[in-house]
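For reference, the structure discussed in these notes is given below.
Protein chains in written order, with our numbering: chain A, 296 to 545; chain B, 296 to 545.
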């Protein structure tokens, strides 16, 4: 099924950019590609650059005009690399992606990108509801066409995935065990402090600052229960007394 | 002047990707590129794909190992396309960019990307403080290397442009000393690993997982240089060999 958001490439010169755009779209979950009067398509170079996204290329619709490409769309966004003499409502890709996610719920949406060297004409612009501008280095704004497609599709995916929730989930996944309790943490620190006092590293005359610094290091790291067990095992392995008693008390 | 955030490409196979990465960087205002053992460089294909960013290519530093590429960095982020058997702190590009903007104020930062087909090894991973994962279509996650560079650099630019709002002074941690560099951190870990191997805690048959877990604990904690010195002093105090030699070598 075609995704509700389509990418429209107008008069693309380099077939490699068409292939790379197809790949960029598919990595972000989009498959709806429309080509307006491409210079060369289909083309071996496009297929090569598409890598495993040749299904997106195979499904691409080729049309003669931008009007035809977007005729069923309720919301059309034009990508613009430069400021326009005629000011047009322009947003960055993040705001654009949010708007598109809202619009795509009940209408078809197109993102339109012009030819590599010249960009969209004023006539094309007249068919767009909004412009999206990808912020670039003012001294070198030569963003490749397929790179622009990648950034725009990436923002669509981020908007769809609701980034904060995703990150929270990723951070949760990164934990294999519950966080250590304050009590478990204190037990570890006491074991370490005893060992370090025996080794002469923590001196009875000014131990406070050093103890606190060590505790702060491990507190910042937010240890889980597996990690506390590893660290306690490590301390036992380094404790000459525990080693002498090994076998008697274990 | 090199930008405080460097992009490190490890063992890149296709020179075209090196050129396209240089262009992607420059469009977002970055110019600091380090290549670890590239398969082919310099190369006409890289220059062609760099388009007007050939100055970034010309300034690229080529080194033999990842360790060398990041030795002066206080914060190292690895790009990861897949979930890891050993979960590592992982964030999305947006969160990553905000963190980097904070860190880059007072230390050098590297973003590391592995070879096209295999990505970073577990050993490389052991040198990273954090992983960044670009969300992709679960059914087709084949993001091109230079496209990944583009997305990461785009997020850096967005974060930098947002910086006043993002980097609230109050949120910044009070640090007494500069962050430990990757080299200093690695020196600490090597000392600890040698000591733990001698004590029989790290076994030669399956030491990898345990070593990585230990490294992860301390990487999460973002050690500064005072803390590294404390921890190394602690290891020396616990090392029976260092104690026997005490007086002879100090």
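Cβ coordinates follow ideal geometry from the N, Cα and C atoms, glycine included.
- Residue 307 (chain B) is outside the set of residues whose beta carbon lies under 8 Å from a beta carbon in chain A.
- Taking a Cβ-Cβ cut-off of 9 Å, the neighbours of residue 522 (chain B) in chain A comprise 508, 509, 511, 512, given in sequence order.
- With fewer than 16 neighbouring CB atoms inside 10 Å of its own CB, residue 297 (chain B) falls in the exposed class.
- In the structure shown, residue 512 (chain B) adopts helical secondary structure according to DSSP, grouped into three states.
- Between the region 318-334 of chain B and the region 350-365 of chain B, the count of C-beta pairs closer than 8 Å reaches three or more; the two stretches touch.
- Under a 10 Å Cβ-count criterion, residue 507 (chain A) is classified as exposed, with fewer than 16 other Cβ atoms of the shown protein chains found around its own Cβ.
- Of the candidates B:347, B:440, B:365, B:440 places its Cα closest to the Cα of residue 409 (chain B).
- Residue 496 (chain A) carries a coil assignment under DSSP once its states are collapsed to helix, strand and coil.
- A:422 is the residue among A:422, A:344, A:481, A:413 whose C-alpha sits nearest the C-alpha of residue 384 (chain A).
- By the Cβ neighbour-count rule, residue 347 (chain B) is exposed, with fewer than 16 other Cβ atoms within 10 Å of its own.
- Short of 6 Å from the beta carbon of residue 389 (chain A), and not among the five residues preceding or following it, lie these beta carbons of its own chain, in chain order: 450.
- Each of A:436, A:538, A:342 was checked against the Cα of residue 490 (chain A), and the nearest Cα belongs to A:538.
- Going by beta carbons, residue 341 (chain A) and residue 495 (chain B) fall outside the 8 Å limit.
- Residue 407 (chain B) is positioned such that its CB atom lies closer than 8 Å to that of residue 372 (chain B).
- The C-beta distance from residue 486 (chain A) to residue 527 (chain A) rounds to 6 Å, short enough to fall under 8 Å.
- Residue 322 (chain B) is positioned such that its CB atom lies no closer than 8 Å to that of residue 313 (chain B).
- Residue 513 (chain A) and residue 481 (chain A) have their C-alpha atoms some 11 Å from each other.
- The Cβ atoms of residue 303 (chain B) and residue 404 (chain B) do not sit closer than 8 Å to each other.
- For residue 314 (chain A), none of the residues of chain B pass the 8 Å Cβ criterion, the least Cβ distance being about 11 Å.
- Counted as a single uninterrupted DSSP element, the beta strand (DSSP E) harbouring residue 302 (chain B) occupies residues 300-305.
- Taking C-beta separations shorter than 7 Å and ignoring five residues to either side along the sequence, residue 515 (chain A) has no partners in its chain.
- The Cβ atoms of residue 382 (chain B) and residue 471 (chain A) sit closer than 8 Å to each other.
- Around residue 479 (chain B), the same chain offers 523 as residues with beta carbons nearer than 6 Å, after the five sequence neighbours per side are excluded.
- Apart from sequence neighbours up to five positions away, the residues of its chain that approach residue 319 (chain A) with a beta-carbon distance below 7 Å are 441, 444, 445, 448, ordered along the chain.
- Burial of residue 475 (chain A) is indicated by the presence of at least 16 other C-beta atoms within 10 angstroms of its C-beta.
- Along the region 323-356 of chain A, the positions whose C-beta sits under 8 Å from a C-beta of chain B are 323, 324, 346, 347, 348, read in chain order.
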